[in-house]
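Chemist: Encoded as structure tokens, here's the structure I'll be asking about.
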Amino acid sequence: MTRRAGILLHPTSLPGRFAIGDVGPGAERFLEWAAAAGQTLWQVLPLGPTGGGHSPYTTASAFAGNPLLISPERLVEDGLLAEADFEGAPAGGAASVDFESAAAWKESVLRRAYERFAADAAGSLSEPFEAFRAAPEQASWLSDWSFYAALKRDLGGRSWLDWEPDLSRRDPDALRLAAIALESDVRYEAFLQFLFFRQWEWLRRRAREVGVAILGDMPIYVAMDSADVWARPELFALDEARRPVEVSGVPPDYFSATGQLWGNPLYDWKRMEREGWSWWIDRIRATLRTCDMLRIDHFRAFAAYWAVPAGDATALNGRWRTGPGRRLFEAARRALGGLPILAEDLGMITQEVKDLLASIEIPGMKVLQFAFYGDDSEYLPHNHPVRSAVYTATHDNDTARGWYAGLKDEERRRVWDYLGNDGREIEWALIRAAYASVAETAVVPMQDVLGLGGEARMNTPAAPGGNWKWRAGDDAFRGDVAERLKRMVALAGRVPVSSRGA
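Going left to right, the sequence shown walks through residues 41 to 542 as this note's numbering numbers them.
See below:
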């Protein structure tokens, strides 16, 4: 495979005129800058609708897109909004995302856009919208999501677990009556999905034009309060009251001495296998429609997963349970053909996990920040396999500067000796090491490209709040930085195919 270099940057972190980054003009400017910097890959975090805490890894749907990422500016181009509608919008330009202000304001302008769409029954978007709703690609999820989202909004945002029993248990008569009462709201939720995927596909076309592939991301789990669990509870390990007996997490690790308690419901893998893995195949297929390659988060759970008793305050009392292994991926490959998948194989990785990756021929990840805590770590560049992706850091790590500031003296000396660097511009020393690795793919968080400190960290695992807010400034995509990256790309042989021999 071709050696390539990429940037890790979630759309919410893009600069722009509103309180949150989106898939509009700011995303296009980033793609043009990335191409000028010799980058051929853009990695995003999961694109689904988020719940409390705004984590893209705890989504309310395994299939839907996040309406917060819809660009109001693109809606002006569609004739659904006017510049006057932006009066009173929460200002952009801050170093962090204001999720609450962004959500309230975007809801108001998206409602306005829908009202104008609904009033113009013969408008140019009517036919594409109806085609979107009727398309086979949406058959497995759109109606469930739209109904769930409309019900949740109508019931004050409460979890489906706290709805009236006839709704939470999906009594057919109750659902029929609710569908009649909420017909317009259900249509509105479907309209938001139409807008999201329309805009995202436009951005994907622009990415292809400038030579940048998109690396998507898929969390292994979904939220308990999600359309997936409400609509298909039989696919999850729940009791008769539709409550989980055990929930997801990981044992004590690099990030937390008490483990990480995520709290997602676990899958009923036996039921999923009896159904031919159809839910997973639909999910992988749908996600690959949004990207060129797909990173699967917490891949090790397919070999064995940590199951924590529901109600526990920490993940300490969990136990390992066997995952579906290669059977799922063999079925997916039969159904979908090739699987352009990257496995997030970090954490407590056993030989069982390594054997699974080897058997299904899927590359894993190497993170340079993990490389300097002992001698001859597997994360050091000279130990990287060719078929892998090297990262200076992921969204869960501190920035390079923040990480370096927290190292012990012995660890710093190991960094100096290996990288030939005294700590100045440590982020560029790590970028150089990642690019020089034999790993076919090298990915760098935008925060490291910008040389930012720990204040720009995206996520601190096991921390209760304050995550996912970092946002690049309006001056982030500078020409001199692009030139420096482009030079390093060329030196490391990660030049875009179209540029070779030029």
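Positions of the beta carbon are idealized from the N, C-alpha and C atoms, including for glycine. The structure displayed is predicted, hence computed values, not measured ones.
Name the residue from 486, 421, 389, 465 whose alpha carbon lies nearest to the alpha carbon of residue 475.
Modeler: Working through the sequence shown from its first residue, we reach residue 475 at position 435. Of the listed residues, the one whose Cα sits closest to residue 475 is 421.
Chemist: Hey, residue 482 and residue 534 are a contact pair by Cβ (cut 8 angstroms); roughly how many whole angstroms apart?
Modeler: As a working note, residue 482 is residue 442 in the sequence shown. As a working note, residue 534 is residue 494 in the sequence shown. The pair is a contact, with the Cβ atoms about 7 angstroms apart (cut-off 8 angstroms).
Chemist: Where do the ends of the beta strand (DSSP E) carrying residue 257 lie?
Modeler: Start at 1 with the first residue of the sequence shown, and residue 257 comes out as number 217. Looking at the DSSP string, the run of the beta strand (DSSP E) that includes residue 257 is 253–258.
Chemist: Report the CB separation of residue 335 from residue 382 in whole angstroms; it is logged as a contact under 8 angstroms.
Modeler: Here residue 335 corresponds to residue number 295 of the sequence shown, with the count starting at 1. Here residue 382 corresponds to residue number 342 of the sequence shown, with the count starting at 1. That belief holds up - the Cβ atoms of residue 335 and residue 382 are roughly 4 angstroms apart, short of 8 angstroms.
Chemist: For residue 11, name the three-state secondary structure that DSSP assigns.
Modeler: No statement about residue 11 is possible, as the shown extent of the chain runs from 41 to 542 and does not include it.
Chemist: Starting from residue 46, trace the beta strand (DSSP E) both ways and give me its first and last residue.
Modeler: The count along the sequence shown starts at 1 and reaches residue 46 at position 6. Counting along the chain, the beta strand (DSSP E) containing residue 46 begins and ends at 44–48.
Chemist: With burial defined as no fewer than 16 other Cβ atoms inside 10 Å of the residue's Cβ, what is the status of residue 385: buried or exposed?
Modeler: Numbered from its first residue, the sequence shown carries residue 385 at position 345. With 16 or more Cβ atoms within 10 Å of its Cβ, residue 385 is classed as buried.
Chemist: Alpha helix (DSSP H) containing residue 347: first to last residue?
Modeler: The count along the sequence shown starts at 1 and reaches residue 347 at position 307. Looking at the DSSP string, residue 347 is not in any alpha helix (DSSP H); the run it does join, the beta strand (DSSP E), is 344–349.
Chemist: Considering only DSSP beta bridges, list what residue 82 is partnered with.
Modeler: Start at 1 with the first residue of the sequence shown, and residue 82 comes out as number 42. Answer is 47, 254.
Chemist: Per DSSP, residue 597 is paired with what?
Modeler: Examination of residue 597 is not possible in this model, given that the chain is present from 41 through 542 alone.
Chemist: Can you tell me whether DSSP reads residue 423 as helix, strand or coil?
Modeler: Your numbering for residue 423 matches position 383 in the sequence shown. Three-state DSSP puts residue 423 in a helix.
Chemist: Among 139, 140, 112, which has the Cα closest to the Cα of residue 127?
Modeler: As a working mapping, residue 127 is identified with position 87 in the sequence shown. Out of 139, 140, 112, 112 has the C-alpha closest to the C-alpha of residue 127.
Chemist: Are there 16 or more other CB atoms within 10 angstroms of the CB of residue 536, so buried, or fewer, so exposed?
Modeler: Against the sequence shown, residue 536 aligns to sequence position 496. Flag for residue 536 reads buried.
Chemist: With residue 360 as the anchor, note down where its beta strand (DSSP E) starts and where it stops.
Modeler: Working through the sequence shown from its first residue, we reach residue 360 at position 320. Segment 359–362, the beta strand (DSSP E) holding residue 360.
Chemist: Where does residue 442 fall in DSSP's three states?
Modeler: Mapped onto the sequence shown, residue 442 falls at position 402. Residue 442 falls in the helix class under three-state DSSP.
Chemist: Take residue 172 and list the residues in its own chain whose beta-carbon comes closer than 6 angstroms to its own, dropping the five residues that flank it on each side.
Modeler: Indexing the sequence shown from 1 puts residue 172 at position 132. If we look at residue 172 and ignore the five residues flanking it on each side, its Cβ neighbours are 234.
Chemist: Taking C-alpha atoms, which residue in 96, 240, 75, 400 lies nearest to residue 380?
Modeler: Residue numbering aside, residue 380 sits at position 340 when the sequence shown is read from its first letter. Of the residues 96, 240, 75, 400, the one whose Cα lies closest to the Cα of residue 380 is 400.
Chemist: Among 390, 136, 460, 154, which one has its Cα closest to the Cα of residue 360?
Modeler: As a position in the sequence shown, residue 360 is number 320, starting the count at 1. Nearest option by C-alpha distance: 390.
Chemist: Distance check for residue 530 and residue 542, CA to CA, integer angstroms please.
Modeler: Your numbering for residue 542 matches position 502 in the sequence shown. Your numbering for residue 530 matches position 490 in the sequence shown. Confidence is the limiting factor: at residue 542 the pLDDT is only 42, short of 50, which leaves the residue's position unreliable and the question unanswerable from this model.
Chemist: Return yes when the Cβ of residue 182 is within less than 8 angstroms of the Cβ of residue 230, no when it is not.
Modeler: One-based indexing of the sequence shown puts residue 230 at position 190. One-based indexing of the sequence shown puts residue 182 at position 142. Yes, the pair counts as a contact, with Cβ atoms nearer than the cut-off.
Chemist: Given a cut-off of 8 angstroms, decide if residue 49 and residue 73 are closer than it, judged by their beta-carbon atoms.
Modeler: Here residue 73 corresponds to residue number 33 of the sequence shown, with the count starting at 1. Here residue 49 corresponds to residue number 9 of the sequence shown, with the count starting at 1. No, the pair does not count as a contact, with Cβ atoms beyond the cut-off.
Chemist: Exposed or buried, residue 318, counting other C-beta atoms within 10 Å across all chains shown (16 or more means buried)?
Modeler: For the purposes of this step, residue 318 is identified with residue 278 of the sequence shown, where counting begins at 1. Its Cβ having fewer than 16 others within 10 Å, residue 318 is exposed.
Chemist: Between residue 59 and residue 99, what straight-line distance do the alpha-carbon atoms span, to the nearest angstrom?
Modeler: Counting from one through the sequence shown, the residue named residue 59 turns up at place 19. Counting from one through the sequence shown, the residue named residue 99 turns up at place 59. Roughly 21 angstroms between the two C-alpha positions.
Chemist: Report the option in 487, 447, 63 whose CA atom is closest to the CA atom of residue 627.
Modeler: Residue 627 falls outside the range modelled here, since the chain spans only 41 to 542, and no answer is possible.
Chemist: Would you report the Cα separation of residue 190 and residue 351, rounded to the nearest angstrom?
Modeler: Counting from one through the sequence shown, the residue named residue 190 turns up at place 150. Counting from one through the sequence shown, the residue named residue 351 turns up at place 311. Those two C-alpha atoms are separated by around 29 angstroms.
Chemist: Taking only runs of the alpha helix (DSSP H) that begin and end inside the region 207–248, which ones reach a length of at least 4 residues, in chain order?
Modeler: Segments of the alpha helix (DSSP H) lying fully in the region 207–248: 212–221.
Chemist: Per DSSP, which one or two residues make a beta bridge with residue 510?
Modeler: Counting from 1 along the sequence shown, the entry for residue 510 is found at position 470. DSSP, once it has assigned bridges, lists 136 as partnering residue 510.
Chemist: DSSP puts residue 335 in a beta bridge; with which residues?
Modeler: In the sequence shown, the residue the question calls residue 335 occupies position 295. BP columns for residue 335 point to 257, 382.
Chemist: Ordered along the chain, which non-local residues of its own chain (more than five positions away) have a Cβ less than 6 angstroms from that of residue 375?
Modeler: Working through the sequence shown from its first residue, we reach residue 375 at position 335. So the qualifying residues of the chain are 321.
Chemist: Once you ignore the five residues that flank residue 311 on each side, which residues in its own chain have a CB closer than 8 angstroms to its CB?
Modeler: As a first step, residue 311 must be located in the sequence shown, where it is residue number 271. Once the five neighbours on either side are set aside, the close Cβ partners of residue 311 are 274, 275.
Chemist: On the criterion of 16 or more Cβ atoms from any shown chain inside 10 Å, does residue 406 qualify as buried, or is it exposed?
Modeler: Locating residue 406 in the sequence shown gives position 366, where the first residue counts as 1. Classification for residue 406: buried.
Chemist: Does the beta-carbon distance from residue 308 to residue 271 come in below 8 angstroms?
Modeler: Here the question's residue 308 lines up with position 268 in the sequence shown. Here the question's residue 271 lines up with position 231 in the sequence shown. For residue 308 and residue 271, no; Cβs fall outside 8 angstroms.
Chemist: Go ahead and pull the three-state DSSP assignment for residue 302.
Modeler: Stepping through the sequence shown from its first residue, residue 302 is reached at position 262. In the three-state reduction of the DSSP assignment, residue 302 falls in the strand class, which pools E and B.
Chemist: Look up residue 517 in the DSSP assignment and say whether it is helix, strand or coil.
Modeler: Mapped onto the sequence shown, residue 517 falls at position 477. Here residue 517 sits in coil by DSSP.
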